[in-house]
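Undergrad:
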Amino acid sequence: MSSGMSNEQDIESMKMDPPQQSLNKKRNLLLCVGSLAVVALTIGLSVGLTRGKGEERGNVQEPTKLNKQDFSRSSSFIDQACSMGNRVMSDSTTGNSTGNMFESTVNAFCETECEVAQCCDPFSSDDSSCVSSQASLASCVAYAKCQVEGYPAALDLPTMCSMEQISENSTACAEACDAATCCFADDVNDQCFPEMFMMCMDYAPCQNLRVNTMLPVAPHNLDEICSNTDKEQCKNICDAASCCVDDPGNEDNCFSTNFITCTSYAACGFLLLDLPNNKVPEPSNGTDFAEICSPSLLMSGQDGARDDCINTCEQAECCTASGVDMLNNCFFTDPFGCLEYATCSYLEVTGGSVPAAPENITELCSLENILDSSSGSDCADICEAPEASCCFEWTSADNCVDDGNAYACGTYYPCLSMLLSSGEVGNLQSPNEAIDEKCSLDSVQENSTACEELCEPAVCCTSIDDNCFFNNADVCGKYIVNCANLVVPTGDLEAAEPPENIGDICSPFSFITGRSQECSDLCVQASPCCTEMGDESCLLNSPTQCAKWALYCI
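Reading the sequence shown from the start, the letters are residues 1 to 554 in UniProt numbering.
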């Protein structure tokens, strides 16, 4: 259905200069009349586009059966019409507009164009959702900028958050995505999807920040690419997303773990989502569900707490069916319904014997506290307690993480600082007493052979293969003090000071769980002089700074 002018003309026709104070009254009057005419034209177009819809709504039993022509605009058009720059900004307390007439008119234009997208709420209470196999999911994705749950995503977000840009520097993308972190949070307690479906689709490129993403987000204008006569480009893009529709029993299937990303490929036509709760009933405890299955309550030991969560989650057992029960898995037919039960995942990682770590563990186990002999024991008292020590056992038989303790053990990650600085669990023997003399700077400069022989047992402390540092940190440290003279740092350089929040960005636990992209980007900035020797080294002048970089970026 045509609106009577091209997409570009619709937008460009709104771009008039604001009235100047110096114009005469007649010009002002004409300008006001012109503005009102634009508003009237916009409303008239809206009425024309949606003619008869108001009368029909009361009689239609299945409003999800919308005609694709109702979504007459492309993603690029909606992006421009409803971008932050073209939306009026209002004071949330007074409701007073801070925009001028032009901004208000464009905002009304956006609202009019977006009326058709009101059906894109998958949890619409009056069964009017059109995010289903009976309507065009692709159109809802194209109209994502119509979302009203948060600030519209930046127009250049797809560029800032492209995989290529993130691999170089993810800072700009992370900052642009800050308003929608709940859309790509790893902790289900922090997630807001699918309740904020349209906002999360507007910020879909932010999914590329996820560490374990299996698929890049689709191009933001995929609807336009796949509507062109040349289908080759569309086919190539869509083929790359085949994991979204792989057999559920195939380990390469990425639909459940990359749901928003897969949904961004809706224009490919292979993704059909049924209405929510067509297989799984709504959680029986309603708004209390997230609290009932919260990890804090599940680990509290409170009578009946765990049973309450288990009983509620039984209704959604099919969402996680696997193995011989894979044919009964219902996530692929009722993803929105299953996502309502996301907090059920805490049942698998709680229920063990390990209690949660004290809230002040991060402070007590900071590198500064550990190196301070007067307070270092506070960290040891927590980390070496019998009930938590099994979290750090290296053999699978003794490690208890998989015994319902994954969440609790995760709260002890600051203990890694202590283990890396004072571990004494390996079998590396202490260095020969003669090492002090044979590896003195004068002796090494005269003849390094004797020192090299004494340091040979500690080669594993710095090797990549068969590294023994983590099991012998204390003994390796004794070797390093003397053997370092073999590669003496004589430079007069100083290392850059790591940011204060490096511990928040790069957990010491990351060498097990994997680094986030933000951590990787930060570690690229680590002072290279910390790993250099000779004149290029800064180890002599900045031992503490280099130790911090090594701890978090090792």
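Note that the Cβ used here is the ideal one computed from N, Cα and C, for glycine as well.
Everything numeric in this text was worked out from a predicted model, so none of it was measured.
#1: Measuring alpha carbon to alpha carbon, tell me which residue in I78, V131, L137, C120 is nearest A108.
#2: Once you ignore the five residues that flank I502 on each side, which residues in its own chain have a CB closer than 6 Å to its CB?
#3: Leaving out five residues before and five after I225 in sequence, what residues of the same chain have Cβ atoms less than 8 Å from its Cβ?
#4: Using only alpha-carbon positions, find the residue among C409, V475, I370 that is nearest to P386.
#5: DSSP three-state label for T112, please.
#6: Is the region 439-448 touching the region 397-416 in the sense that three or more CB pairs, one from each, lie closer than 8 Å?
#7: Could you compute how far the alpha carbon of K231 sits from the alpha carbon of E500?
#8: With a cut-off of 8 Å on the beta carbons, I'd call D202 and Q147 a contact; round off their distance for me.
#9: Can you tell me where the alpha helix (DSSP H) holding residue 585 begins and where it ends?
#10: Using a 10 Å radius around the Cβ and a threshold of 16 neighbouring Cβ atoms, would you call L137 buried or exposed?
#11: Am I right that Q545 and A495 are in contact with their C-beta atoms under 8 Å? What's the rounded C-beta distance?
#12: Does the distance from the C-beta atom of A261 to that of Q207 stay below 8 Å?
#13: Given D403, which residues of its chain have a CB within under 6 Å of its CB, disregarding the five upstream and five downstream residues?
#14: Taking its Cβ as the centre, do 16 or more other Cβ atoms sit within 10 Å of P543, making it buried, or is it exposed?
#15: Could you tell me how far apart the beta carbons of C379 and C344 are, in whole angstroms, since I believe they sit closer than 8 Å?
#16: What is the residue span of the alpha helix (DSSP H) that Y143 lies within?
#17: What would DSSP say about L540, mapped onto helix, strand or coil?
#18: Going by C-alpha to C-alpha distance, which of S83, D186, S129 sits closest to E111?
#19: Excluding five sequence neighbours on each side, which residues of the same chain lie with their C-beta closer than 6 Å to the C-beta of C390?
#20: Using the three-state DSSP reduction, which class does Y412 fall into: helix, strand or coil?
#21: For T333, name the three-state secondary structure that DSSP assigns.
#22: Would you report the Cα separation of F193 and A290, rounded to the nearest angstrom?
#23: Quick one: what's got a C-beta closer than 7 Å to C182's C-beta in the same chain, skipping five residues either side?
#24: Taking a contact to mean a Cβ-Cβ separation below 8 Å, would you say L486 touches V459 in this structure?
#25: Measure the beta-carbon distance from C319 to F331 and round it to whole angstroms, keeping in mind my assumption that it falls under 8 Å.
#26: Kindly indicate the opening and closing residues of the alpha helix (DSSP H) around P386.
TA: In brief:
#1: I78
#2: Result list for I502: Y552, in chain order.
#3: Excluding its 5 nearest sequence neighbours in each direction, I225 has C-beta neighbours in its own chain below 8 Å: P219, Q233, C234, I237, A267, listed in chain order.
#4: The residue with the shortest Cα to Cα distance from P386 is C409.
#5: helix
#6: no
#7: Answer to the nearest angstrom: the Cα atoms are 51 Å apart.
#8: 5 Å between Cβ atoms; contact.
#9: Because the chain here runs from 1 to 554, residue 585 falls outside it and cannot be looked at.
#10: buried
#11: 4 Å
#12: Note that residue 261 corresponds to Thr in the displayed sequence, not to Ala. For T261 and Q207, yes; Cβs fall inside 8 Å.
#13: G352
#14: exposed
#15: Contact flag wrong, Cβ pair sits at about 34 Å.
#16: First-last for Y143: undefined, no H or E at that position.
#17: Looking at L540 - three-state DSSP - the assignment turns out to be coil, as it is neither helix nor strand.
#18: S83
#19: C400
#20: In this structure, Y412 counts as coil in the three-state DSSP scheme.
#21: coil
#22: 13 Å
#23: D190, Q191, C192
#24: no
#25: At roughly 5 Å, the Cβ-Cβ gap stays under 8 Å, so C319 and F331 are in contact.
#26: P386 -> alpha helix (DSSP H) spans 386-389.
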